[in-house]
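Participant: First the structure, then my questions, so here it is.
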Amino acid sequence: YFNREEALALSQRVIGLYTLTLNVSTVQLNEFARHALSQLTTTFDSDLYEDFINTWGTHVITRSLVGGMIEERARVPRCSRVYDDASFVHCIPFGDRGPISSNCTYYTAQIRVISKRLLGGNVEIANENEWKRTLAVGPALLQILEMVPWYEFITNNAVKQNLITIMRYRQTNFDFIQAESARLVDSRLQPCISGAQTIISSLYKSLSIPYSILRVRWISDTNRLLQGGKN
Numbered sequence: 001y002f003n004r005e006e007a008l009a010l011s012q013r014v015i016g017l018y019t020l021t022l023n024v025s026t027v028q029l030n031e032f033a034r035h036a037l038s039q040l041t042t043t044f045d046s047d048l049y050e051d052f053i054n055t056w057g058t059h060v061i062t063r064s065l066v067g068g069m070i071e072e073r074a075r076v077p078r079c080s081r082v083y084d085d086a087s088f089v090h091c092i093p094f095g096d097r098g099p100i101s102s103n104c105t106y107y108t109a110q111i112r113v114i115s116k117r118l119l120g121g122n123v124e125i126a127n128e129n130e131w132k133r134t135l136a137v138g139p140a141l142l143q144i145l146e147m148v149p150w151y152e153f154i155t156n157n158a159v160k161q162n163l164i165t166i167m168r169y170r171q172t173n174f175d176f177i178q179a180e181s182a183r184l185v186d187s188r189l190q191p192c193i194s195g196a197q198t199i200i201s202s203l204y205k206s207l208s209i210p211y212s213i214l215r216v217r218w219i220s221d222t223n224r225l226l227q228g229g230k231n
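Here full-length UniProt numbering is used: position 109 in the sequence shown is 109, and no number is missing along the way.
If you want it as structure tokens, here you go:
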């Protein structure tokens, strides 16, 4: 995301329609889910359990927010002499901003919105108001509020422990990769010159919607878990 002079700022405008909740105590897994779970052995087989996680994910979503989202990205200077983060944020010309203040003149040539993406509804519609009217018939999953790990659906203790083991391994491996990626980026960036400050962290806090970060490869669609078929 970063080069030596620029950083990426992200704006996510969420239009939440409703919360979808699944009662875990009444869930009946369909034949495909039951068959997949029945293939898990009491003896730990890393390939078998990896295949299960790759196909079915690690958790079942039980509560989620659905609707639409407008996401914009902008390139901004990585280092700045600004001492008021909030003022700098309002200099970024995202679509939900009002008129840009004259105090932003210095940054005008350094800040540029580079992409805009719609999530949910008919994304072929350019007009935002018309697009919002299509969200009711085609909402997107915006935020996972609650989820249950697959091992909660297992009664055999050995199989349950095997699933816990493979999930912990993936978590540890993911954390290591993330830490190494951050370390690599930091090692390649030059420190800001005297009198300037790095603004990346404060920008993310100001601009990003606080989503729960799911450290899994794929989250199973809850609709696939109910009686009535795989698709």
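Backbone N, C-alpha and C fix where the C-beta goes; we use that ideal spot for every residue, glycine too.
Owing to the predicted nature of the structure, the values given are computational and were not obtained by experimental measurement.
Within 10 angstroms of its Cβ, does I177 collect 16 or more other Cβ (buried), or is it exposed?
Facilitator: For this step, residue 177 is matched to residue 177 along the sequence shown. Label assigned to I177: exposed.
Participant: Skipping 5 residues on each side, what residues in its chain have a beta carbon closer than 8 Å to that of P77?
Facilitator: Numbered from its first residue, the sequence shown carries residue 77 at position 77. Contacts found: E5, E6, A7, Y107, Q110, I111 and I199.
Participant: Per DSSP, what kind of secondary structure is C135 in: helix, strand or coil?
Facilitator: As a working mapping, residue 135 is identified with position 135 in the sequence shown. Per the sequence shown, residue 135 should be read as Leu rather than Cys. Three-state DSSP puts L135 in coil, outside helix and strand.
Participant: Just confirm the distance between the C-beta atoms of Q12 and E71, as a whole number of angstroms; I'd bet it's less than 8 Å.
Facilitator: If you number the sequence shown from 1, residue 12 lands on position 12. If you number the sequence shown from 1, residue 71 lands on position 71. Rounded, the Cβ-Cβ distance is 5 Å, consistent with contact.
Participant: To the nearest angstrom, report how far apart C79 and D186 are at their CA atoms.
Facilitator: What you label residue 79 is simply residue 79 of the sequence shown in a count that begins at 1. What you label residue 186 is simply residue 186 of the sequence shown in a count that begins at 1. When rounded, the distance between both Cα atoms is 14 Å.
Participant: With a CB to CB cut of under 8 Å and the five nearest residues on each side skipped, what residues in its chain are close to G67?
Facilitator: Here residue 67 refers to the residue found at position 67 when the sequence shown is read from its first residue. Here the set comprises V14, I15, G16, L17, Y18, G120, L135, P139, A140 and L142.
Participant: Below 8 Å between beta carbons: does that hold for M147 and V60?
Facilitator: The residue labelled residue 147 in the question sits at position 147 within the sequence shown. The residue labelled residue 60 in the question sits at position 60 within the sequence shown. Against a cut-off of 8 Å, the Cβ pair of V60 and M147 comes out as a contact.
Participant: Can you grab the Cα-Cα spacing for the pair P93 / T43, in whole Å?
Facilitator: Numbered from its first residue, the sequence shown carries residue 93 at position 93. Numbered from its first residue, the sequence shown carries residue 43 at position 43. Rounded to the nearest angstrom, the two C-alpha atoms are 57 Å apart.
Participant: Check the C-beta distance from R75 over to I100 and give it rounded, since I have them as a contact under 8 Å.
Facilitator: To locate residue 75, count along the sequence shown from 1; it is residue 75. To locate residue 100, count along the sequence shown from 1; it is residue 100. Not quite, the Cβ-Cβ distance comes to about 16 Å (not below 8 Å), so this is no contact.
Participant: In the DSSP assignment, what are the bridge partners of S115?
Facilitator: As a working mapping, residue 115 is identified with position 115 in the sequence shown. BP columns for S115 point to R73.
Participant: Based on DSSP bridge pairs, tell me the residues matched to G121.
Facilitator: As a position in the sequence shown, residue 121 is number 121, starting the count at 1. According to DSSP, which records beta bridges pairwise, G121 is partnered with nothing at all.
Participant: Count the other CB atoms, across all protein chains shown, that sit within 10 Å of the CB of N162; report buried if there are 16 or more and exposed otherwise.
Facilitator: As a position in the sequence shown, residue 162 is number 162, starting the count at 1. Result: buried.
Participant: Which residues bound the beta strand (DSSP E) around E31?
Facilitator: The residue given as residue 31 occupies position 31 in the sequence shown. Premise fails: E31 lies in the alpha helix (DSSP H), E31 to S38, not in any beta strand (DSSP E).
Participant: Give the single residue among L20, L10 and L40 whose Cα lies nearest to the Cα of F153.
Facilitator: The residue you call residue 153 lines up with position 153 of the sequence shown. When each option's Cα is compared against that of F153, the closest is L40.
Participant: Can you name the start and end residues of the alpha helix (DSSP H) that T172 belongs to?
Facilitator: Taking the first residue of the sequence shown as 1, we reach residue 172 at position 172. Per DSSP, T172 belongs to the alpha helix (DSSP H) from N157 to R188.
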